[in-house]
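J.: Chains as they are written, first to last, in the working numbering: chain A, 21 to 152; chain B, 21 to 152; chain C, 21 to 152; chain D, 21 to 152.
Protein chains: 4
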Amino acid sequence: MSLHQLPIRVRYVECDPMGVAHHTAYPVWFEMGRTELLRSCGGNYAELEREGVMLAVVTLGVTYKQPAFYDDELTLETTIDSCGRVKIEHSYVLKRDEDILATGRTVLACLDQEGRPREVPELLQEMFSTNK
Amino acid sequence: MSLHQLPIRVRYVECDPMGVAHHTAYPVWFEMGRTELLRSCGGNYAELEREGVMLAVVTLGVTYKQPAFYDDELTLETTIDSCGRVKIEHSYVLKRDEDILATGRTVLACLDQEGRPREVPELLQEMFSTNK
Amino acid sequence: MSLHQLPIRVRYVECDPMGVAHHTAYPVWFEMGRTELLRSCGGNYAELEREGVMLAVVTLGVTYKQPAFYDDELTLETTIDSCGRVKIEHSYVLKRDEDILATGRTVLACLDQEGRPREVPELLQEMFSTNK
Amino acid sequence: MSLHQLPIRVRYVECDPMGVAHHTAYPVWFEMGRTELLRSCGGNYAELEREGVMLAVVTLGVTYKQPAFYDDELTLETTIDSCGRVKIEHSYVLKRDEDILATGRTVLACLDQEGRPREVPELLQEMFSTNK
Numbered sequence: 021m022s023l024h025q026l027p028i029r030v031r032y033v034e035c036d037p038m039g040v041a042h043h044t045a046y047p048v049w050f051e052m053g054r055t056e057l058l059r060s061c062g063g064n065y066a067e068l069e070r071e072g073v074m075l076a077v078v079t080l081g082v083t084y085k086q087p088a089f090y091d092d093e094l095t096l097e098t099t100i101d102s103c104g105r106v107k108i109e110h111s112y113v114l115k116r117d118e119d120i121l122a123t124g125r126t127v128l129a130c131l132d133q134e135g136r137p138r139e140v141p142e143l144l145q146e147m148f149s150t151n152k
Numbered sequence: 021m022s023l024h025q026l027p028i029r030v031r032y033v034e035c036d037p038m039g040v041a042h043h044t045a046y047p048v049w050f051e052m053g054r055t056e057l058l059r060s061c062g063g064n065y066a067e068l069e070r071e072g073v074m075l076a077v078v079t080l081g082v083t084y085k086q087p088a089f090y091d092d093e094l095t096l097e098t099t100i101d102s103c104g105r106v107k108i109e110h111s112y113v114l115k116r117d118e119d120i121l122a123t124g125r126t127v128l129a130c131l132d133q134e135g136r137p138r139e140v141p142e143l144l145q146e147m148f149s150t151n152k
Numbered sequence: 021m022s023l024h025q026l027p028i029r030v031r032y033v034e035c036d037p038m039g040v041a042h043h044t045a046y047p048v049w050f051e052m053g054r055t056e057l058l059r060s061c062g063g064n065y066a067e068l069e070r071e072g073v074m075l076a077v078v079t080l081g082v083t084y085k086q087p088a089f090y091d092d093e094l095t096l097e098t099t100i101d102s103c104g105r106v107k108i109e110h111s112y113v114l115k116r117d118e119d120i121l122a123t124g125r126t127v128l129a130c131l132d133q134e135g136r137p138r139e140v141p142e143l144l145q146e147m148f149s150t151n152k
Numbered sequence: 021m022s023l024h025q026l027p028i029r030v031r032y033v034e035c036d037p038m039g040v041a042h043h044t045a046y047p048v049w050f051e052m053g054r055t056e057l058l059r060s061c062g063g064n065y066a067e068l069e070r071e072g073v074m075l076a077v078v079t080l081g082v083t084y085k086q087p088a089f090y091d092d093e094l095t096l097e098t099t100i101d102s103c104g105r106v107k108i109e110h111s112y113v114l115k116r117d118e119d120i121l122a123t124g125r126t127v128l129a130c131l132d133q134e135g136r137p138r139e140v141p142e143l144l145q146e147m148f149s150t151n152k
C-alpha cells in the first residue's frame, strides 16, 4: 500500500506554552508513520536494524498550516515517493478530520552499523515499489 | 549581532539506538539558537510572549550531513536572514569544531495570543535590522 | 473503572544508545494513562484545563525492572489509588505480555490557572470514587 | 567533589500548556547532572559505554515543590550518596536562586552491553568514594 494512515492522539507533553503541539513533535510522528507504513508493506524497522540496515534522515522539511491541540485525534498519511538504490523519499500529510494541519517530506539514506553508506536492501526496494 | 554562536552539549536522552543524536533534536537546538540570538540583540522571547507576541514556526528545513554523538560539544550558528512585517527567517549551521554536521532554515510567523496573524512588533523589526 | 489498560507502542525516538526505552519515557506514558483513565470514567483533562482546573504532578516514583525495546507493544495499567479534596494518587504497572517492566506512582495536586492550590472539583471526586 | 552544580536554562520545548517546565524534564536534567558530576570527578560516561559499562536507572523519585518557567536560569546540585559494588545512588536539588524547586533521587545499576548485571568498575568506585 503506497499510503498509510496512522491515527495520532496528541500527548500533553508534546504541547508547549502556546497550548499547541510543539513543531518538533511532527517529525516524531512522521517517524512513526514510516514505521507503520513499512509494517503495512510486510517489513519491520526493528528487524532491519538487527540485520545492520540503518535508515537515517538526511533531509527534513515541514510546512505548518494550522495548530494541533492537546488530546486532538489526528490522522497522518505517509506515502513512499521513491525508493532508489541509496535513498528513500517519503511525504506526509497531517490532518484533523478534513483539515490539513501540516505537510512534510523526508529523505532517508541507508547506512551500515558503522554509519557508512550502503545500498538499500533489494527486498526493501521491491517491497516499496510493489506497494507503490 | 547578525550571527550568534551557541555551545551545545549533546544530551544522552537526545541520542537514539544508532548511538547518534536523533534528527528531532536539531530543531530543538535551533529554537535555543533563536532564543539566544534574540537575547544577544537585546530582546527576550519570554517577555514577548507575556506581551502577547507569539512566534510560531511555519516552515522548517534541515539537511543532515554528519552525525552528532552523546556528549559531543557542538556550536550552533544562528543567523537572521530577514525580518519583515509578518515573517522572520533564520538559518542555522551546526558544527563540531570545523566540521559542518547540519544546516537548517526556519520561517516564523507572528501570532497574537489567540493564534491569529499579527504584525511583527516594530521594536523587533528594528532590533533585527540594526543587528543584521 | 478503577483500572485502565492502555496499549503503548515504543517509539524510536523514545529509545537511547543502550537500545532501550529511555527512563524518562515512562512518566510520559503514565500521563497518557491518566488521560485515558479519566476519559474512561467520563471525564476529560482538556476540558478540565479549559475550565481552569490544572492537575500538577507533585510526586513521581518509578521502579524499573526490565527494559522495553523499540517497537515493543506494551500495556500500561493505570489505577486510581485515592482522590481526596486536594490530592489524587495513581499507580501504574507497565507490562509486556505477562512480564512487569516497571511500576510507578504519582501524586497530583489541583491548581487554578494562576498555579494556586484549589480543591479537586466535586464532579471529579465523585467520578473517581464511583469508579473505584 | 561530592556535589556538582550545573546551570540549566529552561528550554521552550520543555514547557507545557500550563506554561511551566513539564515534570518529565526534571529527570532529563538529573541525567545531565550525573554526566557532569562524573566528569568533575575525572570520569566520562561516554567512555564508560564504549568500554561496555552501562549505568541504568532502576529507581527514580522526584518531589516537585515549585514550578520552573521558560528561560529560567536554574542550578542543579547533584550529589553521590553511595557507590557500592552493584549500585550507585545520587540525590538532586534543583534551585532557582535560593528557592528549592524540586528534589530527587536515583539508583543506578551497572550492566554489561547485553544488559546483564555486572560490578561497578573499581575505578568508578574509587573515584566516587575519594570524592565523597
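Backbone N, C-alpha and C define an ideal beta-carbon position, used for all residues, glycine too.
Please return the same chain residues whose Cβ sits closer than 6 Å to the Cβ of E71(B), not counting the five positions on each side in sequence.
T.: One-based indexing of the second sequence puts residue 71(B) at position 51. Same-chain partners within the cutoff: there are none.
J.: Does any C-beta atom of chain A lie closer than 7 Å to the C-beta of M21(C)?
T.: By one-based count along the third sequence, residue 21(C) stands at place 1. Caution applies to M21(C), whose pLDDT of 47 falls short of 50 and renders its modelled position unreliable; the model cannot decide the point.
J.: Would V106(D) be called buried (16 or more neighbouring beta carbons within 10 Å of its own) or exposed?
T.: Locating residue 106(D) in the fourth sequence gives position 86, counting from the first residue. Burial state of V106(D) is exposed, judged by a 10 Å Cβ sphere holding fewer than 16 other Cβ atoms.
J.: Using beta carbons (cut-off 7 Å, strictly below), is Y32(B) in contact with chain D?
T.: As a working mapping, residue 32(B) is identified with position 12 in the second sequence. Yes - at least one Cβ of chain D is within 7 Å of the one on Y32(B).
J.: Would you list the residues sitting across from T18(B) in a DSSP beta bridge?
T.: Within the shown structure, residues of chain B are numbered from 21 to 152, placing residue 18(B) beyond reach of any answer.
J.: Starting from R70(D), trace the alpha helix (DSSP H) in both directions and tell me its first and last residue.
T.: On the fourth sequence, residue 70(D) is found 50 positions in, with the first residue counted as 1. 65 to 70 is the span of the alpha helix (DSSP H), which, as asked, contains R70(D).
J.: Residues of chain C with a CB under 7 Å from the CB of V113(D): which are they?
T.: Residue 113(D) sits at position 93 when you count from the first residue of the fourth sequence. Ordered by position in chain C, no residue passes the 7 Å Cβ test against V113(D), which lies about 16 Å from the chain.
J.: Rounded to whole angstroms, what's the CA-CA distance from L23(C) to E97(C)? Just pull it up for me.
T.: Taking the third sequence and counting its residues from 1, the one referred to as residue 23(C) is at position 3. Taking the third sequence and counting its residues from 1, the one referred to as residue 97(C) is at position 77. Rounded to whole angstroms, L23(C) to E97(C) spans 6 Å at the Cα level.
J.: Can you list, in chain order, the residues of its chain with a C-beta nearer than 7 Å to that of E113(D)? Leave out the 5 residues immediately preceding and following it.
T.: The residue you call residue 113(D) lines up with position 93 of the fourth sequence. What sits at residue 113(D) in the sequence shown is Val, not Glu. Closer than 7 Å at the Cβ level, and outside the excluded window around V113(D), lie E97, I120, T123.
J.: Quick check: what's the CA-CA separation for S111(B) versus L75(D)?
T.: Here the question's residue 111(B) lines up with position 91 in the second sequence. Here the question's residue 75(D) lines up with position 55 in the fourth sequence. Rounded to whole angstroms, S111(B) to L75(D) spans 37 Å at the Cα level.
J.: Taking C-beta pairs closer than 8 Å, name the residues in chain C that D36(B) reaches, listed in chain order.
T.: Walking along the second sequence from the start, residue 36(B) turns up at place 16. Contact annotation for D36(B) against chain C: Y32, V33, C35, D36, P37 [CB-CB distance below 8 Å, chain order].
J.: Does the CB of T83(D) have a neighbour CB from chain C at under 7 Å?
T.: Along the fourth sequence, read from residue 1 onward, the residue named residue 83(D) stands at position 63. Output row for T83(D): interface = yes.
J.: Closer than 8 Å, Cβ to any Cβ of chain D: which residues of the segment 84 to 102 of chain A, in chain order?
T.: Y90
J.: Tell me D9(D)'s beta-bridge partners as DSSP assigns them.
T.: Residue 9(D) is absent from the model: chain D starts at 21 and stops at 152.
J.: Going along chain A, which residues have a C-beta under 9 Å from H24(B)?
T.: For the purposes of this step, residue 24(B) is taken as the residue at position 4 of the second sequence. Those do not exist, as H24(B) stays about 20 Å from chain A at its closest Cβ, beyond 9 Å.
J.: Considering only the alpha carbon of each residue, which of P27(C), V33(C), M38(C), I28(C) lies closest to E134(D)?
T.: Within the fourth sequence, the letter at position 114 stands for residue 134(D). Out of P27(C), V33(C), M38(C), I28(C), M38(C) has the C-alpha closest to the C-alpha of E134(D).
J.: Output yes or no for whether 7 Å exceeds the beta carbon distance between L80(C) and V82(D).
T.: The residue you call residue 80(C) lines up with position 60 of the third sequence. The residue you call residue 82(D) lines up with position 62 of the fourth sequence. Against a cut-off of 7 Å, the Cβ pair of V82(D) and L80(C) comes out as a contact.
J.: Measuring straight from C-alpha to C-alpha, what distance separates V78(A) and L58(D)?
T.: Position 58 of the first sequence holds residue 78(A). Position 38 of the fourth sequence holds residue 58(D). One C-alpha to the other measures close to 33 Å.
J.: What does the alpha-carbon distance come out to for the pair G158(B) and E146(C)?
T.: This structure cannot settle anything about residue 158(B), because the visible part of chain B is limited to 21 through 152.
J.: Starting from C103(D), trace the beta strand (DSSP E) in both directions and tell me its first and last residue.
T.: The residue given as residue 103(D) occupies position 83 in the fourth sequence. First-last of the beta strand (DSSP E) with C103(D): 93 to 103.
J.: Do you know offhand how far R29(B)'s Cα is from F148(C)'s?
T.: Within the second sequence, residue 29(B) is the residue found at index 9, counting from 1. Within the third sequence, residue 148(C) is the residue found at index 128, counting from 1. Rounded to the nearest angstrom, the two C-alpha atoms are 44 Å apart.
J.: Just the Cα atoms here: how many angstroms apart are L68(A) and L94(A)?
T.: Here residue 68(A) corresponds to residue number 48 of the first sequence, with the count starting at 1. Here residue 94(A) corresponds to residue number 74 of the first sequence, with the count starting at 1. Each residue's Cα considered, the two are about 28 Å apart.
J.: Between which two residues does the beta strand (DSSP E) holding A76(A) run?
T.: Residue numbering aside, residue 76(A) sits at position 56 when the first sequence is read from its first letter. Its beta strand (DSSP E) spans residues 74 to 84.
J.: What does the alpha-carbon distance come out to for the pair V127(B) and I100(A)?
T.: In the second sequence, the residue the question calls residue 127(B) occupies position 107. In the first sequence, the residue the question calls residue 100(A) occupies position 80. Roughly 26 Å separates the two Cα atoms.
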